[in-house]
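**Student:**
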Amino acid sequence: MVFRVWYFLRETLVSLWRNLSLTLAAILTVAISLSLVGSSLLIREGAERATAQFQEGVEFIVFMNADVLSEQDAAIRDVLGTSPAIAEYTYIDKAAAYQEFRELFSDKPELVESVTPDIMPPSYRIVPANPDADNVAELARQFGEQPGVKEVATATEAIRQIEDFSTRVSQALLFAAVVLVAVSAVLILNTVFTAIGARREEIEVMKLVGATNWFIRIPFMLEGTIHGLFGAAMAIPALFVVDNRVLAYFQESEAVPLFRGFAVPDGYVWNTSIWMLVIGAAIGMVGSAIAVTRYLDV
Amino acid sequence: MIRLEGVTKTYKGEVVALRDATAEIQRGEFVFLVGPSGSGKSTFLRLVNREELATAGTIMVAGKDVGTLSSWKVPYLRRSIGYVFQDYKLLPKKTVAENVAFALEVIGRPRPVIRRKVPAILDLVGLGRKSERFPEELSGGEQQRVSIARAFVNQPLILLADEPTGNLDQATSVGIMRLLDRINRSGTTVLMATHDRGIVDTMRRRVIELDRGVVVRDESRGVYE
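So the sequence lines, in the order shown, correspond to chains A and B. In terms of the numbering used here, the first sequence has 90 at position 90, counting the first letter as 1, and numbering is strictly consecutive. If you want the numbering used here, it's the 1-based position in the second sequence plus 1000.
1. List, in order along the chain, the chain B residues whose C-beta lies closer than 7 Å to that of A/G210?
2. Measuring only between beta-carbons, confirm whether A/R18 sits less than 8 Å from chain B.
3. Examine chain B for any beta-carbon lying closer than 8 Å to the beta-carbon of A/V5, and answer yes or no.
4. Going by C-alpha to C-alpha distance, which of B/P1075, B/I1025 and B/R1079 sits closest to B/I1059?
5. State yes or no: is the beta carbon of A/V299 nearer than 8 Å to at least one beta carbon in chain B?
6. Under 8 Å Cβ to Cβ from B/A1023, same chain only, skipping five residues before and after it: list those, please.
7. Check each candidate in A/V269, A/V186 and A/Y91 and name the one with the smallest Cα separation from A/L239.
8. Between which residues of its own chain and A/R166 is the CB-CB distance below 6 Å, once the five residues before and five after are set aside?
9. Report yes or no: do the segment 133 to 148 of chain A and the segment 88 to 100 of chain A share at least 3 C-beta pairs separated by less than 8 Å?
10. Quick one: is B/K1041 near chain A, going by C-beta distance under 8 Å?
11. My output table needs one value for B/F1032: the three-state DSSP class, helix, strand or coil.
12. Note down, one range per segment and in chain order, each beta strand (DSSP E) of at least 3 residues found wholly within the segment 1141 to 1172 of chain B.
13. Can you list the residues of chain B that A/E201 reaches, using a CB-CB cut of under 8 Å?
14. Would B/Y1011 be called buried (16 or more neighbouring beta carbons within 10 Å of its own) or exposed?
15. Does any C-beta atom of chain A lie closer than 8 Å to the C-beta of B/A1103?
16. Do you know offhand how far A/I218's Cα is from A/Q161's?
17. With B/L1045 and B/A1193 assumed to form a contact (beta carbons below 8 Å), what rounded beta-carbon distance in angstroms separates them?
18. What are the start and end residues of each continuous beta strand (DSSP E) run of 3 or more residues lying completely inside the segment 1064 to 1108 of chain B, in chain order?
19. Out of A/A153, A/G228, A/D78 and A/N65, which one is the CA nearest neighbour of A/P147?
20. Contact check, B/G1057 vs B/A1151 under 8 Å by CB: the rounded distance?
21. Which same chain residues, not among the five before or five after A/A282, have their C-beta less than 8 Å away from its C-beta?
22. Put A/F143 into one of helix, strand or coil per three-state DSSP.
23. In three-state terms, what does DSSP make of B/K1041?
24. Just to confirm, is the Cβ distance from B/Y1224 to B/R1204 under 8 Å?
25. Does the beta-carbon distance from A/G210 to A/L34 come in below 8 Å?
26. My output table needs one value for A/V136: the three-state DSSP class, helix, strand or coil.
27. Extract the residue ranges of the alpha helix (DSSP H) inside the segment 144 to 199 of chain A, only unbroken runs of 4 or more that lie entirely within it.
28. Just to make sure I have the definition right: I need the residues of chain A whose C-beta is within less than 7 Å of the C-beta of B/Y1083. Which are they?
29. So the alpha helix (DSSP H) A/S288 belongs to, where does it begin and stop?
30. For A/L173, count neighbouring Cβ atoms within 10 angstroms of its own Cβ and tell me buried if that reaches 16, exposed if not.
31. Can you tell me the Cα-Cα spacing of A/D78 and A/Q142, whole angstroms?
32. Using a cut-off of 9 Å between C-beta atoms, extract the partners of A/E204 located in chain B.
33. Compare the C-beta of A/F220 against all C-beta atoms of chain B and say whether one is closer than 8 Å.
34. Is there contact between the segment 189 to 201 of chain A and the segment 4 to 24 of chain A, where contact requires at least three CB pairs shorter than 8 Å?
35. Give a single yes or no on whether A/I27 has its beta carbon closer than 7 Å to a heavy atom of the ligand ZN.
36. With DSSP as the reference, label B/L1018 as helix, strand or coil.
Here it is in structure tokens:
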């Protein structure tokens, strides 16, 4: 058994070295394909997190009538305090509302002068437990029916658009990742086929002297696994570049606040890296096994 | 050792390479398989080595029916058969010693055995001093000796040789035949396809003649024609 392990290791290393150009071609193919796959996974995760972060800041505002009765106000407060659908809320009283109004229209003194704190509607700024657009719309409808409520202001349309955008981006990137995995599998297979095709006569001799199929396959599979692992290892730095440069570039966006949430935790980058190593090794190993089996049918 | 009974081999349902061939070769025999190109000599050898399966008939090799042998057992059948080709089929990137050792390594023989056997067999074929050379540095006759060493190093029961002197001049061929004769004397059954008239007529061994896939002659101590 010891002799066999020695034989497999030696054959694998010698072959990697002797077929250096194909070895490098295979490793580069894996590296490029997997860095594209990994990048699309990172960007997808970033987009999902950005949407989630945006949703966390979502609130809706329930404006009460200026002459709201205290029991009507207490009823609303009671719902807000007990409903599990409400994450938190703040009360803006008439004075605070007036203050806000003054700040908002400080460049239009005639407008500010036309109002008094007395006519300002007090309001509740409510953060829903579930920021989903449909859920917010339903909550707004329910509050709108309560006595003493003047109107409910929501950003439902905006949320809906962002959710829709995020879902589409996420689906598109997932599709891209799947396509890239398939394309890289084909590219890797192609390289492995070339590498093994170049050693047909060796396989032929092995078969003629009575080597078993597994004995023939194992060095090729080890070789493929090494191609896959090295390629994946080379793709990992690309992931960190995407994380530190591309995602960071989005985060600096002034114009689109959504993009500021475009970040993935380091743990996610490492997890993706480990997955890439696993995928790389698996594609290399299985690809070689398939390719070598094609030459084993004698 | 080798028995063919009513063996027919057709390729793609049309080309008949061997037609109803019957022959029996005993342990330790030296048999020439003669006939013009395309007469079915190579097919005969490939059937014995189970590189091909017969379309009809039975082939027994070393007591096993190769037609019904499950595919995972084929490597073990081939370990009892050595194969020598007209074009040597040596691996160009391996040295003489490595080419011979390769045949033992890939069937999982331990290294001490390989270290002992390889120099011994290279001495036997007269290449003990050229073990570190690469095939391209050797003459055709020397390359064929390496090929024979590789086929014989595992001491097979049967040695199949397909035109082993086809690429060699007369003087070199005589040397190769001496070597095959010596291997035969050690008890190995030798089956050699050839159309080298001089060799067959000189050696006077059993001759099986094929013509368009049919066994037309089988005589002990025969000549080419």
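All C-beta atoms, glycine included, are put in the ideal place defined by N, C-alpha and C. What you are looking at is a predicted structure, and each value in this text was computed from that prediction instead of being measured.
**Tutor:** In brief:
1. P1075, Y1076, R1078, R1079 and I1107
2. yes
3. No, no contact with chain B.
4. B/I1025
5. Lying before the first or after the last residue shown, residue 299 of chain A is absent from chain A, which here runs from 1 to 298.
6. I1002, R1003, L1004, I1208, V1215 and D1218
7. A/V269
8. The question names Arg, but residue 166 of chain A is Ser in the sequence shown. Closer than 6 Å at Cβ, skipping near neighbours: A47 and T51.
9. no
10. no
11. strand
12. 1158 to 1162
13. K1089 and L1091
14. exposed
15. For B/A1103, the answer is yes, since a Cβ of chain A falls inside 8 Å of its Cβ.
16. 53 Å
17. Going by Cβ atoms, the distance from B/L1045 to B/A1193 rounds to 6 Å, so yes, they are a contact pair.
18. 1081 to 1084
19. Of the candidates A/A153, A/G228, A/D78 and A/N65, A/N65 places its Cα closest to the Cα of A/P147.
20. Actually they do not touch by this definition, with Cβ atoms about 26 Å apart.
21. G228
22. helix
23. helix
24. no
25. no
26. helix
27. Taking only runs of at least 4 residues, the alpha helix (DSSP H) segments lying wholly in the segment 144 to 199 of chain A are 156 to 197.
28. L208
29. D266 to R294
30. buried
31. 14 Å
32. K1089
33. no
34. yes
35. In the structure on display, the ligand ZN does not appear, and there are no ligands present to speak of.
36. Correct three-state label for B/L1018: strand.
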